[in-house]
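Note sheet for the following structure.
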Amino acid sequence: MRAALASAYAVVRRVLGPPARLAYRLARAVARAAGAYAVRLSSADTRPGWMNRLPANRFALAALVVLAVAALYGVASFARPAASAPRHGTTVPVTSAYAACPDTHGARVSAVTPPGARGSGQASVAGAPVLLTTPGTAWSTDVKKGAGPWVFGAYGSLAPGLTVEQTTSDGGLAGTRCDRPATDLWFAGPGPADADDVSLYLTNVDDRPVTALVAALSPEGSIETPEGQNQVLVGPHSTRLVQVGVQVEGFGQTAADAKLIALHVHAMTGRISAAVRVDRKKGADWLPATAPSRRVVVPGVPSGGGRRRLLIAVPGQDEARVTVQGMAPDGAFAPVGERSLDATALAVTPFDLGFGGKSTALRLVANRPIVAALVAEKGDDFGVTAAVPPLGTADAGLVADNRDTTTLLLSAPPEHAAAVRLTQLAAQGPAASAKDVAVPAGHTVEVSLPPPAGGDDYGLTIAPRPGSGPVYAARLLEVKKKGFTLLPIAPARITAALPPVVDSTVP
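In our numbering, the protein residues as written are 4 to 510.
The following block contains the structure:
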């Protein structure tokens, strides 16, 4: 009896906190009383005479012992206020961040972090410090052709929300976000048969080799290679350039005739940064990274003339039925002549849509996961935008490279209006005043902001206000005689989710 109570007591001391000590003492008193009574019953001289006539008293005694021990264990598990209840994970500020910029081709490289983080921090590029020393500041520099790839690293207070972009002007204005390493990335745009060059850049920012599995879809279906799986080995802290439709790793001649292409990059080991650049006789652009989903929104379809081509890739084995809704400055609408689209399985399907020259965002709802992008042509250049998640009150967006010719395209779904605050960030910090913009439900709003006094470029935060619905955003950047580029804006990675902590001291 004493040994069992001692074991239970040890468990109670381990799992009970101070608020539950009183409950434990009461349970211990009950257990002691039960134990004393059990001792009394164990002797024929001390128990009542009528009990001497009952058979198998030892079983009753054993039951009392079990009851006493169970009382202690029961209180231990009951009194623990939160250990046995389901716990939710928590979020903490990001403490380190990486961003890989592909080959620069001669570019402006820009970086920005949002205000608000506390403590010290450090940022570097290719191992050398950069002039980005305080949260809420912006930094940019012009680099020569062949100076990249560049890998940015940030730690401490400069890590939350780190956003890095590069904008090239060789053969046409082309901008891209230097994304953080990931395990799965999708891209869709013009293929080798409709371009002078389609290049895939794979960058490994870590200390171990990474094997990337690359898959491709065309309008004719899945692009296969004689070797089967198309694997590319990327060494530590290095970049592999893969020319799609030329090199073996880029599917060789099998992909050379593809006018459109969707590329899927999957890190079989570790993580990988990927970027895709398309050069045509007229214009160039980087393809934005995206992900498959049944409900997607493609923001940033610019106003004006020129061809607008929606690309839908279906990764699965079955055809997708897709409904399309546009959000324009005058409200929601169905694109001319198209209300429901059928997209072929394991292929890229193009759709020429009419928007009446209006700036637009497209909401696509499908019966199975799809990858969506849009190619917009204007003059001698083209730009590509793709589906991104919405910005929310806890998920602000940042843009690192903005100039006097920057236009923001902000869209709200038909169910909810949105309100956002735009704050410009310069090398010295946030601008003295911010601009609030209302986006009616089902509408797209164009916003142009001049650079802060004394500068020709700036960073920008896009923060939905409390009570706002989701907002989808894209940046349109135009430079005279160099063309234009589109950049869909995804939520900045400011916090990281931690899994729930489970107390394993009690089974």
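For each residue, glycine too, the CB sits at the ideal point set by N, CA and C. It should be emphasised that the depicted structure is a prediction, and the values quoted were computed from it without experimental measurement.
Checklist entry - Is the CB-CB distance between Leu205 and Gly253 below 8 angstroms? => result no
Item to check | 8 angstroms contact criterion, which Val317 and Ile373 should meet: CB distance rounded | outcome: 6 angstroms
Checklist entry - To which residues of the same chain is Ala466 closer than 6 angstroms at the C-beta, ignoring the five residues directly before and after it? => result Ala399 and Arg424
Checklist entry - For Ala310, which beta-bridge partners are listed by DSSP? => result Strictly speaking, residue 310 in this sequence is Arg, with Ala absent from that position. Looking at the DSSP assignment, Arg310 forms no beta bridge with any residue, so it has no partner.
Item to check | Given Ala397 as reference, the closest of Gly139, Val351 and Ala499 once Cα atoms are compared | outcome: Ala499
Checklist entry - In chain order, what residues of the same chain lie with their CB nearer than 7 angstroms to the CB of Ala495, ignoring the 5 residues before and after it? => result Pro117, Gly164, Thr166, Ala399, Gly400 and Leu401
Next on the checklist: Using 8 angstroms for Cβ pairs, my map puts Pro291 next to Thr363. What's the rounded Cβ distance?
Outcome noted: About 17 angstroms separates the two Cβ atoms, so there is no contact after all.
Item to check | Glu481 burial status per 10 Å Cβ neighbour count (16 or more: buried) | outcome: buried
Checklist entry - Can you give the Cα-Cα distance for Val351 and Leu266, rounded to whole angstroms? => result 10 angstroms
Item to check | Residue burial classification, Gln427 (beta-carbon count within 10 angstroms, cutoff 16) | outcome: buried
Checklist entry - In this structure, what does DSSP give as the bridge partners for Val304? => result Thr363
Checklist entry - Is Thr170 buried or exposed, if buried means 16 or more other CB atoms sit within 10 Å of its CB? => result buried
Item to check | Between the CA atoms of Pro393 and Phe385 - distance to the nearest angstrom | outcome: 24 angstroms
Checklist entry - Alpha carbon to alpha carbon, what distance is there between Gly273 and Ala456? => result 44 angstroms
Next on the checklist: With H, G and I counted as helix, E and B as strand and the rest as coil, what does DSSP make of Ala316?
Outcome noted: strand
Next on the checklist: Using CA atoms only, rank isn't needed, just tell me which of Leu244, Ala375, Ile226 and Val97 is closest to Arg183.
Outcome noted: Val97
Checklist entry - Who are the near neighbours of Arg371 in its chain, counting only those whose CB is closer than 8 angstroms to its CB and skipping five residues on each side? => result Arg297, Val317, Gly319, Asp321 and Ala323
Next on the checklist: When you compare the stretch 140 to 158 with the stretch 121 to 129, are there three or more beta-carbon pairs, one atom per stretch, that lie closer than 8 angstroms?
Outcome noted: yes
Checklist entry - With distances taken between CB atoms, is the gap from Gly303 to Pro473 smaller than 8 angstroms? => result no
Next on the checklist: Only counting the same chain, and skipping five residues up and downstream in sequence, which positions put a Cβ closer than 7 angstroms to that of Ser160?
Outcome noted: Ala120, Arg121, Gly122, Ser123, Gly124 and Pro138
Item to check | Every unbroken beta strand (DSSP E) within the stretch 233 to 287, with a cutoff of 3 residues, ordered by chain | outcome: 234 to 237, 241 to 246, 263 to 270 and 276 to 282
Item to check | Closest Cα partner of Gly395 within the set Asp460, Glu418, Gly329 and Ala493 | outcome: Ala493
Item to check | Delimiting residues of the beta strand (DSSP E) encompassing Thr488 | outcome: Gly486 to Ile492
Item to check | In chain order, each beta strand (DSSP E) run of at least 3 residues that lies wholly inside the stretch 132 to 204 | outcome: 141 to 146, 153 to 159, 166 to 171, 177 to 180 and 187 to 193
Next on the checklist: Quick check: what's the CA-CA separation for Gln246 versus Lys484?
Outcome noted: 28 angstroms
Checklist entry - Between which two residues does the beta strand (DSSP E) carrying Thr409 extend? => result Thr409 to Ser414
Checklist entry - Is Gly445 near the ligand ATP, with its Cβ less than 7 angstroms from a heavy atom? => result As presented, the structure is devoid of all ligands, the ligand ATP included, so that no description of it is given.
Checklist entry - Between the Cα of Pro432 and the Cα atoms of Glu418, Gly458 and Ala421, which residue gives the shortest distance? => result One point to set straight first is that residue 432 is Gly, not Pro, in the sequence displayed. Looking at the Cα atoms, Gly458 is the closest of the given residues.
Next on the checklist: Which residue marks the beginning of the beta strand (DSSP E) containing Ser436, and which one marks its end?
Outcome noted: No beta strand (DSSP E) holds Ser436; DSSP gives it neither H nor E.
Checklist entry - Is the CB of Val325 under 8 angstroms away from at least one CB in chain B? => result In the displayed structure, chain B is absent; only one protein chain is listed.
Checklist entry - Roughly how many whole angstroms lie between the Cα atoms of Leu511 and Thr257? => result As displayed, the chain neither begins before 4 nor continues past 510, which places residue 511 out of reach and without an answer.
Next on the checklist: Using a 10 Å radius around the Cβ and a threshold of 16 neighbouring Cβ atoms, would you call Arg310 buried or exposed?
Outcome noted: exposed
Checklist entry - For His545, which beta-bridge partners are listed by DSSP? => result Here the chain comprises residues numbered 4 to 510, so residue 545 is not present and cannot be evaluated.
Next on the checklist: Can you tell me whether Ile497 is helix, strand or coil according to DSSP?
Outcome noted: coil
Item to check | Identity of the residues DSSP links to Glu223 by a beta bridge | outcome: According to DSSP, Glu223 bridges with nothing at all.
Next on the checklist: I need the DSSP call for Arg406, collapsed to helix, strand or coil.
Outcome noted: coil
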